[in-house]
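**Student:**
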Amino acid sequence: MKLFQQQLGITAVKATPYHPQTNGLVERFNQTLKRMLQNFVSETGKDWDRWLPFLLFAYREVPQASTGFSPFELLYGWDVQGPLDLLKKSWEAKPTETSERGVIQFVLEMRDRLAKYREEAEVNQREAQRSRKTWYDQQARHRKLQPGQKVLLLLPSSTSKLLAKWQGPYTILRRMGPVTYEVHHPDKKKDRQTYHVNLLKEWKEGANHPTEKSLLVRAVKAEKDLDSDLEALTHSTPPSLSNLPPEQATHIMDVFHEVPSLFSAQSGKTTLISHAIRLKDGRPIRQRPYRVPQKLVGRLNDEVPRPSGCLSSRTWCCPGSGRPRRRATSPVPQSETAAERDKVLHCGERRTCH
91 MKLFQQQLGI
101 TAVKATPYHP
111 QTNGLVERFN
121 QTLKRMLQNF
131 VSETGKDWDR
141 WLPFLLFAYR
151 EVPQASTGFS
161 PFELLYGWDV
171 QGPLDLLKKS
181 WEAKPTETSE
191 RGVIQFVLEM
201 RDRLAKYREE
211 AEVNQREAQR
221 SRKTWYDQQA
231 RHRKLQPGQK
241 VLLLLPSSTS
251 KLLAKWQGPY
261 TILRRMGPVT
271 YEVHHPDKKK
281 DRQTYHVNLL
291 KEWKEGANHP
301 TEKSLLVRAV
311 KAEKDLDSDL
321 EALTHSTPPS
331 LSNLPPEQAT
341 HIMDVFHEVP
351 SLFSAQSGKT
361 TLISHAIRLK
371 DGRPIRQRPY
381 RVPQKLVGRL
391 NDEVPRPSGC
401 LSSRTWCCPG
411 SGRPRRRATS
421 PVPQSETAAE
431 RDKVLHCGER
441 RTCH
């Protein structure tokens with residue numbers, strides 16, 4: 091194989107797995123051919139294999155964007171005449187050109203034409219590669235990994251080849267090239283695999299393992315009203331304690347355990363503070379009445395008499411909403427009215443708050 095490549099001037103380049111950019115020209119042809127076959131099979135049906143020569147002919151007569159020539163023209167040195175070309179000539183009815191050239195002269199002209207086409211195709215290919223590289227390098231950055239470093243590999247999933255996920259961590263053994271690394275892969279039969287740097291991501295210790303948090307559990311004394319204390323402490327610890335210093339969090343937890351009745355999940359009332367509602371512009375805000383949903387009528391009748399002694403006939407109102415609140419004990423929550431969005435609260439002391 092090496093002798094065959096040397097005689098034809100072929101340079102062999104090793105490609106890493108799951109990196110089709112290394113063989114961009116071949117992979118692009120495979121993608122185009124697969125799409126053509128997919129559309130071709132859906133139209134022709136079961137006898138699609140009989141039409142494969144026509145499909146390949148259609149691909150070979152179209153000029154390629156990178157080289158500027160069709161594959162047929164680069165191979166034979168002249169344009170292929172398809173069905174449309176033959177139909178055009180029959181319509182134009184041009185006389186057939188006769189040539190008195192000999193076989194030797196024709197072969198020499200064909201060789202010169204092929205050499206010229208090859209040079210132009212190489213120039214067009216380099217320009218296309220330079221243009222694609224410019225666009226690719228706009229968001230690319232240079233990365234360098236060290237031997238012994240742990241990395242994650244972006245490999246296809248075991249259930250689907252089209253679904254890739256980060257796997258690992260694995261250890262880098264050595265650097266094979268500017269952008270390729272040899273990775274120790276114990277999951278495969280050949281434990282040394284070469285991958286492109288785009289498939290590698292640095293693995294940080296503790297990044298995928300959350301920090302364990304400990305909670306201090308105090309001793310609970312056996313008392314007669316133990317059930318009431320447990321009922322009052324059914325809700326979880328407020329998450330805001332994690333942002334407090336340890337001293338303040340400990341102090342709050344002490345109060346939490348000493349006076350559990352103050353932290354009950356049941357709503358109540360207080361006489362320590364009150365608030366007065368004053369509109370910013372002083373004008374009353376009016377809201378159109380609306381019907382209560384039929385599925386909430388029963389719940390609303392059960393909720394209205396619940397706060398006995400707190401009902402009043404004031405002009406202020408806070409209508410119910412049909413959207414249940416998350417983790418709410420009341421099935422009929424209260425909605426935010428226009429007055430609440432345009433009010434100013436003034437707090438005072440020693441007044442009854444309803």
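Heads up, the sequence shown is in the working numbering, so the first residue is 91 and it goes up one at a time.
Ideal Cβ placement from N, Cα and C applies to all residues, glycine included.
(1) Can you tell me the Cα-Cα spacing of Pro259 and Thr112, whole angstroms?
(2) How is Pro329 classed by DSSP in three states: helix, strand or coil?
(3) Can you give, in chain order, each stretch of the alpha helix (DSSP H) that sits fully within the region 106 to 140 and has at least 4 residues?
(4) Going straight from the alpha carbon of Ala148 to that of Val170, what length do you get?
(5) Classify Gln154 as buried or exposed, calling it buried when 16 or more other Cβ atoms lie within 10 Å of its own Cβ.
(6) Just to confirm before moving on: does the CB-CB distance between Leu242 and Trp225 stay below 7 Å?
(7) Tell me whether Tyr285 is buried or exposed, calling it buried when 16 or more other Cβ atoms sit within 10 Å of its Cβ.
(8) Is the beta carbon of Thr157 sitting closer than 7 Å to the one on Gln215?
(9) If you draw a straight line from the C-alpha of Trp181 to the C-alpha of Glu151, how long is it?
(10) Quick one: Cα of Ser425 to Cα of Ser351, how far?
(11) Run through DSSP, which three-state label would Leu40 get?
(12) Could you tell me the distance, in whole angstroms, from the CA atom of Leu331 to the CA atom of Ile363?
(13) Does the count of Cβ pairs from the region 221 to 241 and the region 193 to 206 closer than 8 Å reach three?
(14) Quick check on Leu245: does DSSP put it in helix, strand or coil?
(15) Name the one or two DSSP bridge partners that Val387 has.
(16) At what residues does the beta strand (DSSP E) containing Leu290 begin and finish?
(17) Could you tell me the distance, in whole angstroms, from the CA atom of Lys178 to the CA atom of Thr106?
(18) Do you know how far the Cα of Pro143 is from the Cα of Lys92?
(19) Terminal residues of the continuous beta strand (DSSP E) containing Glu272?
(20) Does DSSP put Arg208 in a helix, a strand or coil?
(21) Measure the alpha-carbon distance for Glu272 versus Pro336 and round it to whole angstroms.
(22) Let me check one thing: in DSSP terms, what residues is Arg282 bridge-paired to?
(23) Going by the beta-carbon positions, is the gap between Phe159 and Ala205 smaller than 7 Å?
(24) Assign Val287 to buried or exposed, taking buried as 16 or more other Cβ atoms, counted over all protein chains shown, within 10 Å of its Cβ.
(25) Determine the direct distance from the alpha carbon of Val269 to that of Asp57, and round the result to whole angstroms.
(26) Out of curiosity, what's the CA-to-CA distance linking Lys279 and Leu245?
(27) Where DSSP assigns a beta bridge to Trp256, which residues make up the other side?
(28) So is Leu289 buried or exposed if we call it buried at 16+ other beta carbons inside 10 Å?
(29) Would you please state the rounded distance, in angstroms, between the beta carbons of Ser248 and Ala254? I believe it to be under 8 Å.
(30) Which residues in the same chain have their Cβ closer than 8 Å to the Cβ of Tyr207, if we skip the five residues on either side of it in sequence?
(31) Could you tell me the alpha carbon to alpha carbon distance between Glu292 and His275, rounded to whole angstroms?
(32) Just the Cα atoms here: how many angstroms apart are Asn129 and Leu176?
**Tutor:** To lay it out plainly:
(1) 25 Å
(2) The predicted position of Pro329 is uncertain, since its pLDDT is 46 and thus under 50; no value can be drawn from it.
(3) Whole alpha helix (DSSP H) segments, 4+ residues: 114 to 134.
(4) 10 Å
(5) buried
(6) 7 Å or more divides the Cβ of Leu242 from the Cβ of Trp225.
(7) buried
(8) yes
(9) 21 Å
(10) Caution applies to Ser425, whose pLDDT of 47 falls short of 50 and renders its modelled position unreliable; the value that the coordinates give is listed next. Whole-angstrom Cα-Cα distance: 28 Å.
(11) The structure shown does not extend to residue 40, since the chain spans only 91 to 444, so no value can be given for it.
(12) C-alpha separation (whole angstroms): 25 Å.
(13) no
(14) strand
(15) Beta-bridge pairing links Val387 to no other residue.
(16) That run of the beta strand (DSSP E) goes 290 to 292.
(17) Their backbone Cα atoms lie some 48 Å apart in a straight line.
(18) Straight-line measurement puts the Cα of Pro143 at about 32 Å from the Cα of Lys92.
(19) 270 to 274
(20) helix
(21) 48 Å
(22) DSSP output for Arg282 lists His274 as bridge partner(s).
(23) no
(24) Looking at its Cβ environment, which holds 16 or more other Cβ atoms inside 10 Å, Val287 is buried.
(25) There is no way to answer for residue 57, as the model of the chain reaches only from 91 to 444.
(26) 16 Å
(27) Leu244
(28) Buried: at least 16 other Cβ atoms inside 10 Å.
(29) In this structure Ser248 is not in contact with Ala254, their Cβ atoms being roughly 11 Å apart against a cut-off of 8 Å.
(30) Phe159, Glu163, Leu164, Gly167
(31) 16 Å
(32) 26 Å
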